[in-house]
Amino acid sequence: MRRSSQEAAVSLSVWIVIIILALVAVLTSGLAALLPLLIKREASAGVDFVSAVFPTMVAVLVAFLALWASRLLMEEAKREAARDLELAQMRSDLALAQKAREQRHDLLNHLTVVSALIQTGSADQALAYLRRATYEQPEEAASGAPAAQIDPGFILGLMGQKLAQAARAGVALEIHVQNESDHLCIPDVVAARILGNLTDNAIDAAGEAGEGTGKVTVEMVLSAGRCRFRVRNNGSVITQQQLSRIFAAGESTKGGQHQGLGLHIVQQLVREYEGSLCVQSDASTGTEFDVRFEPGTRLAKNGSAHGGLHRPFHW
7 MRRSSQEAAV SLSVWIVIII LALVAVLTSG LAALLPLLIK REASAGVDFV SAVFPTMVAV
67 LVAFLALWAS RLLMEEAKRE AARDLELAQM RSDLALAQKA REQRHDLLNH LTVVSALIQT
127 GSADQALAYL RRATYEQPEE AASGAPAAQI DPGFILGLMG QKLAQAARAG VALEIHVQNE
187 SDHLCIPDVV AARILGNLTD NAIDAAGEAG EGTGKVTVEM VLSAGRCRFR VRNNGSVITQ
247 QQLSRIFAAG ESTKGGQHQG LGLHIVQQLV REYEGSLCVQ SDASTGTEFD VRFEPGTRLA
307 KNGSAHGGLH RPFHW
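In structure tokens form, the structure reads like this:
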């Protein structure tokens, strides 16, 4: 929008200069034609000289004005290009800063998974997971290699930490897992980020229902080529107005020290891996987030993973 208005202003300036030059040219031609008629033949030689030189002087003045206007337009174009470059750099810096915030936000979930893998004697898998989480081996994620899809049992380690977190908040956490596959249909680091953030938000929301009454239910269905995560809580209802904003970065209905990044991260990951996300919230059933990944879900994190058709989000 800003660029369009700037282009319109420059275009208007160009047309104004063109119109002024055209008017000056018309006036010059008219004066050159009328001057001999206005000057008597018996005029002195000095007047004849002025009659001959005046059109040339006006033409030189018009040329000078044209050059001056062109220089102004070129300088303005250079300043505009410099401003655009600076704005692009600022946007790039903000994107990097946002990425760093998201990585810090998910750090605890990743460390919980690594800790669970180490405790179960899967040190090699823990190291591989840590490398994927820190993007040291993007080629593995991009190729969809088996190393990027470990046994979904790692989710139990993640949810073990969530059970302790819910207990501290006075919230009852129920976990239901239907596992019919040895591997996840999305990279493990992505599953941990989605499930971890949805569960964290549900525990926070249920904690506001009153001590001893908060409840969160997490359901996971893992089958060949399919993943489904459903997270429900009996906390406060999310209004229609809030539903239109909850996925924006920095937006939080919880206040306090919450950063408002969890649901934004979930939305970005679901879009990137071409899944679907449905949100329902009412007083009778509570609030439910339903995330699904069907066969054909992208396993890549780079390159073409950012393109393609994204399934719509439902409210």
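Residue numbers (our numbering): 7 to 321.
Heads up, the beta-carbon is just placed ideally off N, CA and C, and yes, glycines get one too.
If you're wondering where the values come from, they're calculated on a predicted model, not measured in any experiment.
Is residue i buried or exposed, if buried means 16 or more other CB atoms sit within 10 Å of its CB?
i    : result
T205 : buried
G262 : Note that G262 scores 48 on pLDDT, short of 50, meaning its location in the model is unreliable and no value can be drawn from it.
L275 : buried
D210 : buried
F299 : buried
T219 : exposed
L117 : exposed
M165 : buried
S76  : exposed
L113 : exposed
L179 : buried
L73  : exposed
S229 : exposed
L197 : Position check: residue 197 holds Ala in this sequence, whereas Leu was assumed. By the 10 Å Cβ count, A197 comes out buried.
G216 : exposed
R89  : exposed
S98  : exposed
A139 : buried
A208 : buried
L67  : exposed
With DSSP as the reference, label residue i as helix, strand or coil.
i    : result
R97  : helix
T205 : helix
R138 : helix
G216 : coil
E280 : coil
F253 : coil
L269 : helix
L228 : strand
D130 : helix
D188 : coil
What does a CB cutoff of less than 7 Å around residue i pick up in its chain, not counting 5 residues either side in sequence?
i    : result
Q273 : F253 and L283
V120 : A132, Y135 and L136
Q167 : T118
R199 : D112, N115, I271 and L275
Which two residues bound the contiguous beta strand (DSSP E) that contains residue i?
i  : result
I5 : With the chain running from 7 to 321 in the structure shown, residue 5 is simply not present.
I need the boundaries of the alpha helix (DSSP H) containing residue i, first residue and last residue.
i    : result
V243 : Premise fails: V243 is in no alpha helix (DSSP H) and is neither H nor E.
T293 : Unbroken run through T293 is the beta strand (DSSP E), G292 to F299; no alpha helix (DSSP H).
G123 : Before going on, a small fix: residue 123 reads as Leu here, not Gly. Taken as a continuous stretch (DSSP letters only), the alpha helix (DSSP H) holding L123 covers L113 to Q125.
Please return the same chain residues whose Cβ sits closer than 6 Å to the Cβ of residue i, not counting the five positions on each side in sequence.
i    : result
E225 : H182 and R236
I244 : S287 and T293
P301 : G231
G213 : A175, V177 and G220
P152 : In this prediction, P152 has a pLDDT of 42, which is less than 50 and means its spatial position is unreliable; what the coordinates show is noted afterwards. Counting only Cβ-Cβ distances below 6 Å, and skipping sequence neighbours, we find nothing.
T223 : E180 and R238
Leaving out the 5 sequence neighbours to the left and right, which residues in its chain are closer than 8 Å to residue i when beta-carbon positions are compared?
i    : result
I326 : Shown here, the chain extends from 7 to 321; a query on residue 326 therefore has no answer.
G163 : T118, V119, S121, A122, L123, Q125 and T126
Is residue i near the ligand MN, with its Cβ less than 6 Å from a heavy atom?
i    : result
A215 : This structure simply doesn't include the ligand MN, nor any ligand for that matter.
At least three beta-carbon pairs within less than 8 Å, the stretch 85 to 94 to the stretch 179 to 188
In short, these stretches do not touch, since the Cβ pair count stays below three.
Taking 8 Å as the threshold, find out whether the stretch 235 to 249 comes into contact with the stretch 281 to 295 through three or more Cβ pairs.
A contact exists between the stretch 235 to 249 and the stretch 281 to 295.
Given 8 Å as the limit, is there contact between the stretch 189 to 203 and the stretch 169 to 178, that is, 3 or more CB pairs closer than that?
As far as the Cβ criterion goes, the stretch 189 to 203 does not touch the stretch 169 to 178, which means the pair count is below three.
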